[in-house]
Amino acid sequence: MFNELYAKDTSKKVKSAKRARVMSGMYVATSAPYGYQKDKEDRHRLVIDERYAPTVRMIFDLAKEGKGISAIRSHINTLHILRPSAVNPNGYERHFDGEDDARRYEWSNNSIRGILRNPVYAGHLVMGKRVSPSFKSHKSRCVLPENYTVVKDVHEPIVDRADFENVQRILENIPVKRPNGDGEIHPLSGLLFCK
């Protein structure tokens with residue numbers, strides 16, 4: 004019981020120390036998000052990585068045009084751009100055991116959604132996207148974006164802040180289109196619902 008109390012207390016102290024660092028504007032994650040890299044002089048600061056930032060800008064531009072996540076993913080896949088998990092934060096391409104070369108260029112809907120929803124691209128630091136229910140558990144659960152801890156205007160944004168907010172509004176209002184029994188999507192799908 005005493006060992007458990009000590010572990011619980013240590014866990015709380017580590018979390019509060021991490022939170023204090025983030026609130027002071029320090030980036031504390033192990034690796035930088037896609038499109039950024041850690042500053043060589045200050046590893047707690049993000050700087051734009053111009054190798055991948057144009058892809059992030061393109062994704063936001065396509066979203067501003069009203070394209071859905073699947074359409075953006077299809078467009079990016081045709082351009083043969085390395086997916087985020089195939090890019091190592093240290094600047095070299097990662098290879099995966101047992102995976103063919105073409106798969107390193109296959110983006111998923113989750114990758115696109117993750118980029119479009121991430122406030123880091125508007126210059127903000129984010130903490131608390133995933134939380135573990137207990138210090139004993141190694142599993143974590145996702146948190147809704149409105150419950151994130153966000154520290155605004157910490158580093159240079161890849162996309163304009165107004166554009167980021169505009170894309171968030173667009174994503175919230177995209178109707179979900181589902182095919183009917185014949186596999187066809189009705190023109191009013193996502194707009195009208197059965198009572």
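Going by this note's numbering, the sequence shown opens with residue 4, and the numbers climb by one from there.
Even for Gly, the Cβ is constructed at its ideal location relative to N, Cα and C.
When you compare the region 143 to 150 with the region 35 to 42, are there three or more beta-carbon pairs, one atom per stretch, that lie closer than 8 Å? no
With H, G and I counted as helix, E and B as strand and the rest as coil, what does DSSP make of Y9? helix
Test item: CB-CB of V162 and L128 under 7 Å: no
Helix, strand or coil at T33 according to DSSP, with G and I counted as helix: coil
Would you say the region 105 to 118 touches the region 15 to 28, given that touching needs at least three Cβ pairs under 8 Å? no
Taking R24 as the reference, which of S111, K11, R46 has the closest Cα? R46
Roughly how many angstroms lie between the CA atoms of L119 and I62, to the nearest whole one? 8 Å
Taking just the CA atoms, how far does F167 sit from D64? 10 Å
Note down the Cα distance separating N113 from K15, rounded to an integer number of angstroms. 31 Å
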